[in-house]
Each structure stands twice: as structure tokens, then as C-alpha cells.
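Take a look at the structure below.
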Amino acid sequence: MAMIAKWLNGNKIGIHHIRLRNKMMIVYIFCVFLPILITNIVFYQVTSENVKRQNLEDTTRALEQIKNQLLTELDGAINVSSGFFTDNKLNELLENEYKRPADYIEAYDSYFRRILNSYTPIYASVQNIKIYLDNPTLLHSGGIGYLSPEIKESEWYLALGGPSSNATAFVRSPREDLLIASGEGVAVDTFSLVRRMNYFDSLNNWEKVLKIELKMSSIHTIFSNLNVQGNVYLVNGEGEVAYSNNTETDWFTVRQPFDQLRFPSDSVLLRTSYPAGSLLGDWQMIAVVSEKDIFSELRKSREFVYWMSGINLIVPTLIIGWIARSITARLGNILRYMKRVKNQHFDTMHQEESNDEIGQLTGEFNRMTLQIRSLINDVYVADIRQKSLELERRKAQLNALQSQINPHFLFNALETIRMRSVIKKETETAKIIHNMAKLFRSALTWKRDMVTVREELEFVNCFLEIQQYRFGDRLTFDLDVDPAAGELLIPKFIYLPFVENACIHGVEQVKKGGHIDLRIYSEEGMVHFSIQDNGGGMPPEQMDKIRSYLAEEEELGERIGVQNVIYRLKLIYGQEFQFDIDSEAGHGTSVRIGIPVARSMNF
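Position 446 (the sequence shown) corresponds to 446 in the UniProt record's numbering; numbering is contiguous.
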């Protein structure tokens, strides 16, 4: 974490580099806006999920209630069918063959009518009871019907299976008292419980089928449960809609598979199945509820949540904005006046007095400004005058040092030419004289105290050619100069004294094989110069004396050569330049200088 903080501060994106106004905005966003927004979103989401879960649970319970009520109604019909199924006397009368209609009417009035009418008052869900059989001696009326071939082709009859089957079926069927033609078939208007009356093995001469119709009004009442907010579908074992309270679904005239129905995308389907082994074991009760209906109660409180969220955001925003403006506006005013002080405009601030920290800071700033204004003439102007005098002194000292260097170079060069001409008596000295003229002309011209590395290298080449003319085969040299450093500015004649020392005090002491390596390159904002010879070298005390020049104060005098160069570098660059010397008696000398590149000084 410490490394990250350090990196952030180093890249100017730390907390201390953010404007106060932005800091207040960060505090507002992360401490007020986002917490309130997230809290309200989470609260709304949790509330929505709870309401949805509670409504789904309530709908599921209501669906279970509808399922159980329908099962209760069906149990009543089953109890009625069981009474007919196990009634021995009823089965005997149905199996009897009547020779005369009067005999059947007498039996019907004595028992049939009473037994048929006894169940209806007890089971209010039973609408009609009818027994179909193929006994031709019975009159088919008043609850007794003929089991004709047409009846045997009906769906409700086929649901029983073969003649030997004991199955009980719950089917949709046309009402006995209301047949309405509708389209290609007959309108289905009721549910019926159908079973064969074959309980007694000895009374099975004729095929007997009991059909008990349920009251549709009771079914409508069950499916109109107000606790179910959507539509309810009763789906039979074949996956077809047997009943629905959805008036837009045509389930009563056609066979409508439930899977082919299309519902809105936000619909939720809740299913419940009847117990296995019951008469409706493969039937399902399905409720289709829209999420819009599920969240109807939550929608009522949504506006309240919006209003509370708005108040919780707007009030803190106004208060924080008011306080932030009070802080940033006054601090900005102080900053503007401080910038004016930087430009030597010592004006006091005129604003309403306050007792907080910013007010105290304003008062202290005004007092400081008045004190600076009173001291400016006594201290600041006098200090500027003293600095100007010191600058002039250093400039005069630099010019004096430079004037000391020129005769030294000229003397050595002329002495070399003179001695060579006396010994050799050659006319080849024309070239040397030309080089000498260039050095002489440069030495006398000090309008520019800064030259490029390329120009300084021309002086060095002239001097080395003169020295090579003097020493002949005793002197060789290599120059390694980085082209990128050629146009960089350096002080004039800053390298030449070291080249001179390498020739005069180094190679001159070697009888043969004298060599000088010179290298110039730029690196990391510095121009680096290094020169190495294989001459006589110098003792340690001489190196210590040269190094001591770095610590000594500049003084005007008769100093020349290396000491003069070091003083010039100190005057121009202060402590920003690099200097190192390494020498060993009999093994040569190495000198390294580094000076800043992006800097030029003119005096």
C-alpha cells in the first residue's frame, strides 16, 4: 500500500493533488449519493422479492384451495355413485325384465323415484343423475336412459374402457337437459362422473352405466376464488384445458392443449397436481399470474419510495453544495491574492470577517502582506543590489580567468613550432602555422563563451596536429565522438587544457609509442568528456592537489591550465558538473568531465 501511495504521489494523482472542490464532490458521491442510491435500490429489490414471494405463496395456497374444493365436490359425486353401485335392490330392479310397462312404472314409483331423488338435496354439487342400460323392458325416462349405439360412441362412455372395466371416469360431457349445437359438435357444458354398475356378479345380465353430472355453478364458484390474481386452468391427463376462468380461452367448444396457449412474457406459471391414485391423479391445476398483478401492491408504495429517495438526495446535496461553495470560494480568493503577491502585488483582501479557519487565514494573510510591503524597500531592494554587485564581480572574475588561459596556449603552440622549425628546417610548417592561426583567432575572440562540441573539437584537432608535427611518430591519437553530442553547448576551451597536458606532460616523457584516447558522448542529460594517455603519469600528491581545486573558493590570480578550467566550471555550473582524475606514475593519466547539456551561460 505504501508503494502504491508513493507511486500515486509521484504521478500527481494522490489525494493531495486533487482540488478541494473535487474532493468535496468525491465525499458527496461516495458518502452521500451512492450510499443513499444503493440503499434505496437494495431496499426496493428486497421489498420486491418479498412481495413477489409472498404473493406467489398466497396464490399457491389459493390454487391449493381451489384444487381441494374441486376434489371435495368430486368426492360428493363419488359417494353418490358408491350408493348406486352397492345398492342391491336397485341393481335387481334394473336387471328385472318387465312384461308390462305398468309393472315397470310400479317398480319405478315404489323405489326408483325415491332413490333417485334422495341424493340431490344432500349433495348440492350434483345436478343430474342418470343410469344408462340396454334392458329393453324399461321405459327410458326419469333418470333411466337407453344405452344405445350412439351413446356407446360418445366420449364419456369410451372413457370407461371395455365392458369388463371397473374404472371410474371424470369427464366433460353435454348436459342431459341442455344440448346446444355449436359449430361442428355439441357444446360441452358440464363435468360428469361415470362408472359401470357391475358390483354384483349375479346381476350383470344387462350393461349398466351410471352418469352423475355436477353443477357448473358450483364449479364456477370454486374457480372464481378472489385470492388468485390471474387465470386458473384445469388441465386433464391429455394436457388439454378442461376448464378455465379465462373467458378469452375457448376451452368449452374445442379441445385446447394447454401447451399451445400463448401468455405475456412476464407471466408466472404456478402448478399443483392431484394426489396419485385419486380420480384426478394425472390432472393439474395451473395458475397463470402476471408479474404486473404480483407487484400491484408494491406499485402503490413505489411513489413513496421515490419521494423519500429524492428528499434524501436533494437536501444533503443542497447543504453540501452550500458549505463547499463557502469553503472553495474563499480559498480561491486567497489563492488569487497569493498569486498576486508572487508577481509583487502586495494587496490586502477585502471580504466579510468570519471566525472560522478560513477567516483567520485571511486575517493572517493581510497582516503578512502589510509586513512584506513595509520591509520590501529595506530588505528586498538592498538584497537585489547586493546580488547584482556579486554577479558583476563573478563576471569580471570569469573574464579575468579566461584572459589568463589564452597566452598560455599561444605560448606553448608557438614554442612547439619554433623548436620544430629549428631542428627540421622544413617548409611544411605552413599547415601548422594555419592551425596556429585558427587557435590564435579563437583565443582572442570571446564574444561567445559557449561553443558547440563540434567547434571545440576543431580546436582540439588543430592542437593535436601541431603536437603530432612536433613529436612525429612518438604520438598517435584516437577520437571517438558521438554525433548526437556535436551540437550541444559547452564552455569554450574547456577540453583543450587537458589535451595539452596529455601531450606536454604525458607523451613528452615517453621516448616512443605515445598514445592519446579521447571520447565525447551524451548520456542522461550530461555531456561526458574523457581523455587518457600512456605517458609518465603523476604522483598521488599531485592528484590530491588537483582534486582540492574542487573545494577551494575562486580567486583571481595567475592560475592557468587545469585549475583555471575547474574554476570556470564552478563559476558556470556550481555543483552540477562532474570531474574525476586518475593517474599513476609511469602508467599514464585519465581525466573525466561531465557537464549538463540543456544549459548555456553568457557573460
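Backbone N, C-alpha and C define an ideal beta-carbon position, used for all residues, glycine too.
All figures in this text were calculated on a predicted structure; none of them were measured in a lab.
Cα-Cα separation, TRP206 to TYR146: 11 Å
Counting C-beta neighbours from all protein chains within 10 Å, is the total for LYS99 16 or more, i.e. buried, or is it exposed? exposed
If you drop the 5 nearest sequence neighbours on each side, which residues of the same chain put their C-beta closer than 7 Å to that of ARG454? GLY486 and GLU487
Within this structure, are the beta carbons of ILE105 and ILE212 separated by less than 8 Å? no
Among ALA169, MET538 and LEU203, which one has its Cα closest to the Cα of GLU95? LEU203
Which residues share a DSSP beta bridge with TYR243? LEU234
Determine the contact status of residue 624 and ASP259, defining contact as a CB-CB distance below 8 Å. The first residue shown for the chain is 1 and the last is 603, placing residue 624 beyond what the model contains.
Across which residues does DSSP place ARG196 in a beta bridge pair? VAL209
GLU524 in three-state terms, based on DSSP: coil
Quick one, which of ASP582, GLU552 and THR589 has its alpha-carbon nearest GLY574's? GLU552
Note down, in chain order, each residue of its chain lying with its Cβ closer than 7 Å to the Cβ of LYS89, except the 5 sequence neighbours on either side. TYR111
Just to confirm, is the Cβ distance from GLY514 to SER583 under 8 Å? no
If you draw a straight line from the alpha carbon of PHE84 to that of GLN69, how long is it in whole angstroms? 23 Å
THR267: first and last residue of the uninterrupted beta strand (DSSP E) it sits in: The residue you asked about is not Thr; residue 267 is Ser in the sequence shown. Per DSSP, SER267 belongs to the beta strand (DSSP E) from 267–273.
Pairwise C-alpha distance: GLU73 and LYS215: 10 Å
Excluding five sequence neighbours on each side, which residues of the same chain lie with their C-beta closer than 6 Å to the C-beta of ILE566? TYR549
Please report the distance separating the alpha-carbon of PHE477 from that of ILE516. 5 Å
Over the uninterrupted beta strand (DSSP E) stretch that includes PHE577, give me the two end residues. That residue, PHE577, is in no beta strand (DSSP E); it is neither H nor E in DSSP.
For PHE252 and ILE219, which I take to be in contact (beta-carbon distance under 8 Å), what is that distance rounded to the nearest angstrom? Wrong, their Cβ atoms sit about 12 Å apart, outside the cutoff.
Can you list, in chain order, the residues of its chain whose CB lies under 6 Å from that of LYS152, leaving out five sequence neighbours each side? none
Please report the residue range of the alpha helix (DSSP H) in which THR47 lies. 34–85
Decide yes or no for the touch test of the region 272–279 against the region 233–243: beta carbon pairs closer than 8 Å, at least 3 of them. no
Under the three-state DSSP convention, the category ASP480 falls into: strand
Collapsed DSSP secondary structure at GLN351 in the structure displayed: coil
When the distance is taken between beta carbons, is THR272 closer than 8 Å to GLU64? yes
The region 237–244 in contact with the region 27–42 per 3-pair CB rule at 8 Å: no
Would a C-beta distance cut-off of 8 Å place VAL288 and PHE304 closer than the cut-off? no
Run through DSSP, which three-state label would ASN128 get? strand
In whole angstroms, give me the CA-to-CA distance for ASP75 and THR247. 27 Å
Nearest neighbour of LEU160, chosen from ARG195, GLY594 and ARG172 [CA to CA]: ARG195
Spatial distance of HIS345 from GLY359 (CA atoms): 21 Å
Run the CB neighbour count on GLU57, radius 10 Å, all protein chains shown included, and call it buried at 16 or more, exposed below. exposed
Residue of ASN135, VAL527, GLN509 and MET543 minimising C-alpha distance to GLY586: GLN509
Considering just the uninterrupted stretch of the beta strand (DSSP E) at THR452, what are its terminal residues? 450–452
DSSP state of MET538, grouped into three classes? coil
If distances are taken between C-alpha atoms only, which option among GLN563, GLY535 and GLN532 comes closest to LYS545? GLN563
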